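Structure record follows, encoded as structure tokens.
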């Protein structure tokens with residue numbers, strides 16, 4: 284294979300992984316925009332989503348697409364309950380309280396997953412309609428699993444953009460993200476916006492988890508990938524929806540190329556090295572808006 | 176309730192607020208010294224870990240509790256301290272050289288991390304320091320000529336000249352002495368102009384700049400001091416467990432340290448010690464209560480982390496001021512009896528956009 288093809292191949296796989304990062308980062312960004320909180324348990328939403336889909340497919344015998352929708356939906360409900368029960372009382376508390384709370388939540392959920400009979404600490408496979416098939420273009424090869432990730436991400440992004448643009452609650456969410464006080468004055472129920480934000484973000488996490496499960500398999504520690512999506516969110520500016528996706532893809536491609544051409548080990552920390560450089564050189568990210576500090 | 180009459184400014188920053196406090200601390204010290212006679216070796220070993228984590232906790236407390244900068248990267252400083260000391264002693268270096276070297280090297284790395292951290296605050300700082308922790312962990316794993324990679328370093332039992340720390344109580348005394356020195360040093364830093372500048376930065380960056388506190392200088396300094404203490408803690412940890420590899424210093428350690436300062440109570444050195452006691456004794460407590468649980472839960476390996484995560488959540492939801500805050504509230508209740516008002520400690524909440532960077 285020629286060098287160019289080799290690079291292109293790595294880039295393709297990087298884009299697919301990057302889409303997952305992007306989806307998880309989108310979950311971070313949505314919550315951050317609305318509530319100024321980062322959900323460090325976003326990775327655990329992936330785990331939950333993947334495990335629910337696994338249960339639906341393996342034990343209940345549901346087809347993949349039904350399981351995908353149902354698991355994403357149930358994760359949405361879970362996010363709603365989580366916001367209502369745990370996080371609502373923390374609105375307005377200092378940053379480290381919320382950071383610590385969501386970290387605690389992550390640890391709790393991860394251990395809970397390991398306790399559920401049938402889930403446990405083992406690695407599970409998930410049956411998908413696109414196993415063992417691949418698309419070939421010249422010398423380039425892309426398996427259907429990766430292609431599905433890219434296509435489904437694109438579909439999801441279109442749905443989400445339409446949601447924010449054309450629905451009433453979507454516009455209310457954008458307004459709240461811009462200025463909470465003004466949103467309240469305009470008659471928007473900010474608490475309800477927070478609930479919906481958590482719902483969507485948890486559902487996104489779950490969706491990403493299900494997409495990822497054919498590649499990494501389903502196990503309790505797949506949530507750590509969520510932490511690698513944080514640099515993606517920072518790179519995108521933490522405030523912008525396209526930024527999160529672009530950031531995710533940049534991180535994914537870099538990791539993939541680093542895995543091929545750089546010494547072992549750099550692949551795992553490439554995301555964080557990019558992160559630190561971004562924070563030093565351009566802390567507002569690629570798509571962020573620089574805000575002036577007011578007294 | 177006692178009212179103090181202060182006749183000059185120095186009375187405001189005395190080490191002991193009341194004369195009676197001094198005697199209480201002396202009593203506590205005496206108790207700590209006699210503990211090895213009273214309890215068995217296992218408990219002493221746990222107490223040693225409490226001392227070690229308290230030292231690291233004091234370090235993070237200076238940064239998070241007093242300067243208001245969150246850090247998820249203190250596992251890295253802990254690791255740097257541990258590895259520095261391990262490598263020096265294994266080359267035949269003296270412990271009295273290795274201990275300060277561990278602290279100083281961590282402190283220097285702290286300065287390096289403190290510089291980019293100047294432009295960040297809150298969440299971004301948490302994420303950046305987390306990234307730093309991952310990078311250091313990977314370096315420890317890959318720089319095999321120095322750190323021996325995942326094989327780790329096995330240390331001999333610590334000895335200073337001909338005196339070996341071969342019993343639990345000997346090492347306990349060593350850790351206790353260093354903890355006391357650490358607390359005295361930290362207390363003195365905090366009442367000096369430096370410490371008061373740090374507290375000013377925590378309370379308002381803009382206001383502290385206006386009265387002439389140099390933000391770059393003091394924030395870097397806070398990182399350096401904090402990393403120094405955490406490095407000392409790491410050094411003791413390495414000699415206590417006598418085997419270290421990169422897996423002992425994952426992000427979990429950072430989370431534990433952060434749990435120590437938040438559960439203990441932000442903004443007090445007492446809090447660091449209370450938090451360390453809590454974090455070390457919680458697993459013990461879970462093991463002890465295991466016999467009373469249904470069989471299903473007893474057999475779960477995930478039980479301990481689950482309860483750990485749950486405790487962190489419950490503390491933040493219901494006692495955000497931590498154990499020390501609860502103690503203050505109880506004390507205040509009795510001092511003010513029967514005039515205690517329920518809302519005395521209620522915190523003000525901000526619903527508008529916070530300062531972002």
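Residue numbers (the numbering used here), protein chains in the order written: chain A, 284 to 578; chain B, 176 to 532.
C-beta atoms are modelled at their ideal positions from N, C-alpha and C, and glycine is treated no differently.
Fair warning: this is a prediction, and the values are worked out from it, not measured in the lab.
Residues of the segment 290-313 of chain B with a C-beta less than 8 angstroms from any C-beta of chain A: 291, 294, 295, 297, 298, 299, 301, 302, 303, 305, 306, 307, 309, 310 and 313, listed in chain order.
Neighbours of residue 390 of chain A in chain B, taken as residues whose beta carbon is under 7 angstroms from its own, are 480, 483 and 484 in chain order.
Taking a Cβ-Cβ threshold of 7 angstroms, the residues of chain B close to residue 321 of chain A are 298, in chain order. If only complete runs of 4 or more residues are kept, the segment 369-396 of chain B shows the alpha helix (DSSP H) at 380-385, in order along the chain. Nearest CB-CB separation between residue 383 of chain A and chain B: below the 8 angstroms threshold. Chain order gives the chain A residues near residue 488 of chain B as 369, 384, 387, 388 and 391, where near means a beta carbon separation below 8 angstroms.
Each of B/327, B/186, B/343 and B/332 was checked against the Cα of residue 215 of chain B, and the nearest Cα belongs to B/343. In the structure shown, the three-state DSSP call for residue 332 of chain B is coil.
Listed by position along chain B, the residues whose Cβ is nearer than 9 angstroms to that of residue 552 of chain A are 306, 309, 310, 312, 313 and 314. Note on geometry: alpha-carbon atoms of residue 560 of chain A and residue 320 of chain A lie some 23 angstroms from one another. DSSP, reduced to helix, strand and coil, places residue 193 of chain B outside both helices and strands of the structure shown, so it counts as coil. Partner residues in the beta bridge of residue 417 of chain A, as assigned by DSSP, are A/426. DSSP, reduced to helix, strand and coil, places residue 407 of chain A within a strand of the structure shown.
The shortest CA-to-CA distance from residue 421 of chain A to any of A/289, A/570, A/352 and A/431 is the one to A/289.
Its Cα nearest to that of residue 408 of chain B, the residue B/356 stands out among B/356, B/206, B/520 and B/484.
Of the other Cβ atoms in all chains shown, 16 or more fall within 10 Å of the Cβ of residue 394 of chain B; this residue is therefore buried. Nearest CB-CB separation between residue 323 of chain B and chain A: not below the 8 angstroms threshold. Between the alpha carbons of residue 538 of chain A and residue 503 of chain B lies a gap of roughly 50 angstroms.
In the DSSP assignment, residue 326 of chain A falls within the alpha helix (DSSP H) that extends over 325-341. No Cβ-Cβ contact shorter than 8 angstroms links residue 324 of chain A with residue 424 of chain A. Of A/496, A/413 and A/473, the smallest CA-CA separation from residue 336 of chain A is found for A/496. Exclusion of the five residues before and after residue 396 of chain B leaves 369 as the residues of its chain whose Cβ lies within less than 7 angstroms of its Cβ. The beta carbons of residue 304 of chain A and residue 531 of chain A sit closer together than 8 angstroms. The secondary-structure analysis by DSSP pairs residue 338 of chain B across a beta bridge with B/335.
In this structure residue 428 of chain B is in contact with residue 250 of chain B, their Cβ atoms being roughly 4 angstroms apart against a cut-off of 8 angstroms. Contact between residue 427 of chain A and residue 413 of chain A holds, since their C-beta atoms are separated by about 3 angstroms, short of 8 angstroms.
If you draw a straight line from the Cα of residue 511 of chain B to the Cα of residue 353 of chain B, it is about 37 angstroms long.
In this structure, residue 488 of chain A lies away from residue 369 of chain A, with their beta-carbon atoms at least 8 angstroms apart.
Using a CB distance cut-off of 8 angstroms, residue 379 of chain A counts as an interface residue toward chain B.
The residue among B/306, B/445 and B/452 with its C-alpha nearest the C-alpha of residue 222 of chain B is B/452. At a cut-off of 8 angstroms between beta carbons, residue 237 of chain B makes no contact with chain A. Fully enclosed alpha helix (DSSP H) runs of no fewer than 4 residues occupy 444-464 and 470-473 of the segment 430-490 of chain B, in order along the chain. DSSP places residue 418 of chain B within a strand segment (E or B) once states are collapsed to three. Note that the C-beta distance between residue 503 of chain A and residue 393 of chain A is below 8 angstroms. In the same chain as residue 283 of chain B, and ignoring 5 residues on each side of it, no C-beta atom comes closer than 7 angstroms to its own. Taking each of B/499, B/465, B/404 and B/425 in turn and checking the Cα distance to residue 446 of chain B, the smallest one comes out for B/499.
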